[in-house]
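Comments concern the structure below.
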Ligand SMILES: [Zn+2]
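In the working numbering, the protein residues as written are 2 to 278.
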C-alpha cells in the first residue's frame, strides 16, 4: 500500500489542498508551513482546517507531511538566526496541532562553522524547548545530502539528535531518496543494505515518511539537486524498487521533483500503477 502525493501551495487554504490532491489522483501531500524562503505566515481558519480533516477521512488519505521553512536554521552560528528559527518552530508546531496525527518535517540545519557536536546539541535543545508531552504531531528530521556544514548527512548524526530528544514517541525521520543518495548511501545497487544500516543505526520504526526524488548527481556527490523520477542518476528501476520495498509500505511518499501540475499527476499515476501491478 502506497500513499503518494506532492508539495502543494497553501495559498488557497487547507481544504483546497485536499481537493487538489484528489484531482491529482494522490492520497497524501506536503505543504510549506510558511513561505519556504521568506518565512511569513497567514492566519489559519479553523473551519478550513476542519473541512480538510473531513476530506482526508472521507478520501482515505494517509498522513500529511508539512515542511518547515528552508530559512529555519536551529544551529546557525548567528544567535538571531537561531532565535528566529525557534520562533518559527514554535508557531509551526502550534499550528500543526490543529491537524492532529500528521508529520512536521524540517532540515535539521547547518552548523555554519560551529562544528557538528554543537550543531546537534542546539537542534536537540530547540526541539526540547518546543515539543511537549501529549502533542499530536510527530516531528521528522530529514536525511540530508551533507552539503557544506549541513547536519543529517549521516544516519549516525540523526540518531545522535534523536537520542537527545525527550519526547521520544514524537520524533522520527523523513528519508529523502535524493539526499540520501547524494550523501553516499547506494540505494541503487544496495537498497537492502542501506535500509538494514538505517535499521541498525536509527531503527526502521523511526522512519515515518519518504521524500521521493531522483537526483541530478551521482552517489556521494553531496549536491542536493532533485530530478524527475527516472530522469536522474537513481533511475526508474531503482525508484520503483524503493516504492515497493517491504520496509517502506504504508508510509507517505512525497514528490519534490521539478514538475508542473501535469508532471506531478503523471508521476503519481506511475507510482500508483506500480502498486497495482
Ligand atoms: Zn526533501
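A virtual CB, placed ideally from N, CA and C, is assigned to each residue, including glycine.
Shortest alpha-carbon distance to residue i belongs to which of the options?
{"i": "residue 79", "options": "119, 220, 100, 135", "result": "119"}
{"i": "residue 50", "options": "103, 75, 139", "result": "103"}
{"i": "residue 216", "options": "123, 75, 184, 7", "result": "184"}
{"i": "residue 228", "options": "268, 42, 251", "result": "268"}
{"i": "residue 214", "options": "190, 205, 61, 232", "result": "232"}
{"i": "residue 29", "options": "101, 278, 253, 123", "result": "253"}
{"i": "residue 60", "options": "76, 74, 26, 75", "result": "26"}
{"i": "residue 47", "options": "63, 76, 62, 14", "result": "14"}
{"i": "residue 44", "options": "86, 75, 54, 95", "result": "95"}
{"i": "residue 32", "options": "134, 189, 93, 199", "result": "93"}
{"i": "residue 280", "options": "146, 188, 200", "result": "Residue 280 falls outside the range modelled here, since the chain spans only 2 to 278, and no answer is possible."}
Taking 7 Å as the line, does the beta carbon of residue i fall inside it for any heavy atom of ligand 1?
{"i": "residue 276", "result": "no"}
{"i": "residue 198", "result": "no"}
{"i": "residue 8", "result": "no"}
{"i": "residue 215", "result": "no"}
{"i": "residue 223", "result": "no"}
{"i": "residue 143", "result": "yes"}
{"i": "residue 228", "result": "no"}
{"i": "residue 268", "result": "no"}
{"i": "residue 257", "result": "yes"}
{"i": "residue 262", "result": "no"}
{"i": "residue 170", "result": "no"}
{"i": "residue 183", "result": "no"}
{"i": "residue 212", "result": "yes"}
{"i": "residue 191", "result": "no"}
{"i": "residue 180", "result": "yes"}
Can you give the beta carbon distance from residue i to residue j, rounded, assuming they're within the 8 Å contact cut?
{"i": "residue 180", "j": "residue 225", "result": "6 Å"}
{"i": "residue 245", "j": "residue 237", "result": "Rounded, the Cβ-Cβ distance is 12 Å, inconsistent with contact."}
{"i": "residue 150", "j": "residue 113", "result": "5 Å"}
{"i": "residue 141", "j": "residue 173", "result": "5 Å"}
{"i": "residue 106", "j": "residue 67", "result": "7 Å"}
{"i": "residue 218", "j": "residue 234", "result": "6 Å"}
{"i": "residue 210", "j": "residue 168", "result": "Actually they are not in contact, since the Cβ atoms of residue 210 and residue 168 sit about 18 Å apart, beyond 8 Å."}
Kindly list the residues whose CB is nearer than 6 Å to the CB of residue i, restricted to its own chain and excluding five residues on each side of it in sequence; keep chain order.
{"i": "residue 177", "result": "143, 144, 212"}
{"i": "residue 7", "result": "256, 265"}
{"i": "residue 86", "result": "73, 74, 75"}
Which same chain residues end up closer than 8 Å to residue i when comparing Cβ atoms and leaving out the 5 residues on each side of it in sequence?
{"i": "residue 57", "result": "19, 65"}
{"i": "residue 171", "result": "132, 136, 138, 139, 140"}
{"i": "residue 275", "result": "3, 241, 244, 245"}
{"i": "residue 125", "result": "162, 165, 166"}
Near residue i, what residues of its chain come up, given a Cβ to Cβ distance below 7 Å and the 5 sequence neighbours on each side ignored?
{"i": "residue 23", "result": "60"}
- Item | Continuous beta strand (DSSP E) assignments of at least 3 residues falling wholly in the segment 172 to 221 | 172 to 177, 208 to 212
- Any chance you could list the beta strand (DSSP E) runs of at least 3 consecutive residues sitting entirely within the segment 19 to 104, in chain order? 66 to 68
- Query: Hey, which unbroken runs of the beta strand (DSSP E) at 3 residues or more fall wholly within the segment 101 to 131?
  - Reply: 104 to 107
- Query: Enumerated in chain order, which unbroken segments of the alpha helix (DSSP H) with a length of 4 residues or greater are wholly contained in the segment 229 to 277?
  - Reply: 237 to 244, 262 to 277
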